[in-house]
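In this note's numbering, the protein residues as written are 5 to 993.
Positions of the beta carbon are idealized from the N, C-alpha and C atoms, including for glycine.
Here is the structure:
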């Protein structure tokens, strides 16, 4: 049977018999009519005939049979071979104007693929789709699947050879020699078969360590090694990013011995791609190390000083009484000695006064001065060597002249970096003045020497310049040449925006005229505030009055009645199918959805079934965190550890794992019965889960909220408990960009129109971006009592009288109008993915000051006002958001059950391994939900069980449960055993 699930829309669109189709059925009866109709619609849908009964889904057979007027079971009587079916095929070809592909057609198709597709797309499944579409456009019936696969492989090979020859010819002999030298091990070094030990290539491939001076120096060494190769500029200018990424991934997973076996042009091409990409990645890493190191210097200095002062600090109480007693005693005996008059007047005497003086000294400017002095000492004594070396290898630029003094200051620092015994910059030297030299630091930067001359202290100046550089890097006001994430922010924007202005506005569904956008937004604000103002007197859960703690008081709604019968339904699931091993849930998902079909399409000499089994074992090993060694040790599957590891390195890539998860989600959506689950959801809930992980890397950070080191995995889960997106984040990362990224790039068939988030997943910028991208941000705001509502217009102080205590200033519409086009450009960049959402949103941090950021804030404030007004007025919306977030919290609860190995700690310092763990966990969760969905539908298809459900039961029904699942124990993978689950179509009945 075709593993792809067929939904109602596909049945109606592709399998409905038209009048012209029915004319061909004249004279045909029973099985002959049904078989002919299936051949006709299958050919119209796929451009080829089904190879047999199993190529056509049961749902499709029943749907077509009802139109023909026969029972679907008669299809078993149709002859799938012989003269009758050959006559039917010829009749259908003639009717549709198709012909069988000749040898010449196949050769032409291979050439066409190599030139037009395979040069930019290296995934076999996508190339195959393009070939079939090409044949269909030419009205040619494609050859057999085996022949199609050979054509695809031939085209990929020819295109790769052409690219390799072209790239290698752009390299001069010295560069060729340096690239090949990367594969030469040092004397005594031994290749380990996975990476490489003792080679420059191994160093270039290695992941960065944690934030430290040693990591900084190691990354600088890598960057210098990469640059020493001397790749020419523009080497890959005409290469599609996906192709370049494929070459880079290939070089990253193959050992030097494997790379040496390739033809030299291919070896040079993949090595050059690796070097090219790693130069950008290492540059990004150095920028992140700079930002983290400068922050760490300051944070450690403050912590050290604070601890010292806390130990010495003793708060003196009754200061006002002490002052009165001292004054009274002094006035009574103005000529007396202090020790005889003042000290006895105070309880505790001299010691109390000493403590009072110490308290004053440990507050205010003295504290700040102590921190600054400690920071300078820490920088000078330890970190300076690495930071100065970093400034030597990175080139900083800015498109804004306001930040030019910081760039000039870096030039000055580099010029005197190696000058010893230099306390002050020389007299007459021009020292750029920038934001960092002012304020609290000015007294330490600008000093007076022993001759009374004004001087600039070199070490302090370096510290404040690095702090200013950090702040401007974080919002990309200053950027780095040769970086990727930290590149020129103008490169993040679509370069053809002006040429495609109308199309870009249309794709975002936004008007070209900014006044139309503003009028719509202002009207929504006015309507929302008016509705809330009118409703406040009748809302017993809401009051808006002047209060120091905040104007808004919102009481909690009553909890909904608990479902009473869901436990019985889940028990019935366990009674029917028993305790199911988690690996069997994954196997059943793979066999029913075909989610591994694309991953195994380019298996080469490895048998497809064998590859699929090893992929499942690798996914299980990563998704449960038990590891490949433990999974292979059981031996209940016939695959060795080395075989599974090879498949993991060669086939289980990040893109592959994402595609598998997406395929499972889509299959679940298609399999759902609308009578049980309702119409398809258009909202997702998103939240993060903290996972402990190894900390000898730059990605793992300490998280104060969770009280430990680790990373965050950010999930997007729709209301039916199916995960549609996942991503790994630093603990310090903003969750706003992750929310946006998942909502617009989840890749499933679901259309996201709303996103539930907790407080940390929303911001004014988040509201603005989601407004521009066309979906609703629906947060649960913890301190909603302090939220301020903005006015839609000025000059109307008496408008919305019930809301006055919560109202603030009007929105600055003029700022939005002036920067409207630029805001649309940023929204287009996020939608098109010209850069990562995180990189683009760096422009919109608190330290930014450019007008577009200010305009974005105004849009966000307007949109948040609309949301809060709706939220306060609607109990339904409040309950909807809470229920949505409860779903993702329950999803997080399943993580501990599935991801149980090694105590739930991600046991790797490599970011790609951490990402793979998250993706495989997502696949296992998705498989669990998919199979549970089918089993629940099987049980509830019976009237006795369906009638048992109350309204509360249906509201609380979820396929996310695991009481019947066994994630532990020996891994036994038997592809011959299946779960007996009755499947029905996705019809609403």
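(request) May I have the straight-line CA-CA distance separating residue 3 from residue 73, to the nearest angstrom? (result) Only positions 5 to 993 of the chain appear in this structure, which leaves residue 3 out of reach.
(message) Can you tell me where the beta strand (DSSP E) holding residue 780 begins and where it ends?
(response) 780-783
(message) Could you compute how far the alpha carbon of residue 210 sits from the alpha carbon of residue 272?
(response) 20 Å
(request) Just mark residue 348 as buried or exposed, buried being the case when its beta carbon has 16 or more other beta carbons within 10 Å. (result) Answer is exposed; the Cβ neighbour count stays below 16.
(message) List, from N- to C-terminal side, the alpha helix (DSSP H) runs of 4 residues or more that fit wholly inside the segment 106-171.
(response) 107-120 and 128-141
(request) Taking the CB atoms as reference points, tell me whether residue 407 and residue 482 lie closer together than 8 Å. (result) yes
(message) Does the structure place the segment 465-482 close enough to the segment 378-393 that three or more beta carbon pairs sit under 8 Å?
(response) yes
(request) Identify whether residue 503 lies in helix, strand or coil by the three-state DSSP scheme. (result) coil
(request) Would you kindly check if the distance between the Cβ of residue 740 and the Cβ of residue 845 is under 8 Å? (result) yes
(request) Below 8 Å on the Cβ atoms is my guess for residue 804 versus residue 868; work out the distance and round it to an integer in Å. (result) Not a contact, Cβ separation roughly 16 Å.
(request) List the whole-angstrom C-beta distance separating residue 661 from residue 920, where the pair is believed to meet the contact cut-off of C-beta under 8 Å. (result) 6 Å
(message) Looking at the strands, I want to know which residues DSSP matches up with residue 730.
(response) 719
(message) Quick check on DSSP: helix, strand or coil for residue 318?
(response) Confidence at residue 318 is low in this model, with a pLDDT of 44, below 50, so its placement is unreliable and the value that follows should be read with caution. Note: residue 318 maps to coil in three-state DSSP.
(request) Apply the 10 Å Cβ neighbour rule to residue 126 and answer buried if 16 or more other Cβ atoms are within range, or exposed otherwise. (result) buried
(request) Starting from the C-beta of residue 622, find all residues in its chain whose C-beta is less than 7 Å away, skip the five residues before and the five after it, and write them out in chain order. (result) Contacts found: 632, 648, 651, 652 and 656.
(message) Within 8 Å, do at least three Cβ pairs link the segment 685-705 to the segment 909-926?
(response) Flag = yes, the segment 909-926 and the segment 685-705 touch.
(request) Find out if the Cβ-Cβ distance for the pair residue 641, residue 983 is shorter than 8 Å. (result) no
(request) Pull up the DSSP beta-bridge partners for residue 557, would you. (result) 547
(message) Only counting the same chain, and skipping five residues up and downstream in sequence, which positions put a Cβ closer than 8 Å to that of residue 886?
(response) 784
(message) Considering only their Cβ atoms, is the gap separating residue 840 from residue 814 smaller than 8 Å?
(response) no
(message) So, for residue 832: in the same chain, excluding its five sequence neighbours on each side, which residues have a beta-carbon less than 7 Å away from its beta-carbon?
(response) 498, 501, 508 and 512
(message) By alpha-carbon positions, which one of 29, 130 and 514 ends up nearest to residue 827?
(response) 514
(message) Considering Cα atoms alone, identify which of 767, 734, 597 and 986 is closest to residue 849.
(response) 767
(request) Using the Cα positions of residue 907 and residue 857, report the straight-line distance between them to the nearest angstrom. (result) 43 Å
(message) With H, G and I counted as helix, E and B as strand and the rest as coil, what does DSSP make of residue 584?
(response) strand
(request) Inspect the beta-carbon positions of residue 114 and residue 158 and report whether they are closer than 8 Å. (result) yes
(request) Using 10 angstroms around the beta-carbon of residue 425, count the other beta-carbons present and answer buried if the total reaches 16, otherwise exposed. (result) exposed
(message) What does the alpha-carbon distance come out to for the pair residue 937 and residue 676?
(response) The alpha-carbon of residue 937 is positioned some 7 Å away from that of residue 676.
(message) So, for residue 806: in the same chain, excluding its five sequence neighbours on each side, which residues have a beta-carbon less than 6 Å away from its beta-carbon?
(response) Taken in chain order, the residues that qualify are 537 and 540.
(message) With three or more beta-carbon pairs closer than 8 Å as the criterion, would you say the segment 612-622 touches the segment 154-168?
(response) no
(message) Using 8 Å for Cβ pairs, my map puts residue 522 next to residue 791. What's the rounded Cβ distance?
(response) Cβ atoms of residue 522 and residue 791 stay farther apart than 8 Å, at about 23 Å.
(message) Between the alpha carbons of residue 810 and residue 533, how many angstroms are there, rounded?
(response) Roughly 11 Å between the two C-alpha positions.
(message) Considering only DSSP beta bridges, list what residue 896 is partnered with.
(response) According to DSSP, residue 896 bridges with nothing at all.
(message) Let me make sure I understand the geometry here. Which of 94, 83, 92 and 156 has the alpha-carbon closest to that of residue 111?
(response) 156
(request) Return the first residue and the last residue of the alpha helix (DSSP H) that residue 14 is part of. (result) Start and end: 12-18.
(message) Would residue 494 and residue 403 qualify as a contact pair, given that the criterion is a beta-carbon distance under 8 Å?
(response) yes
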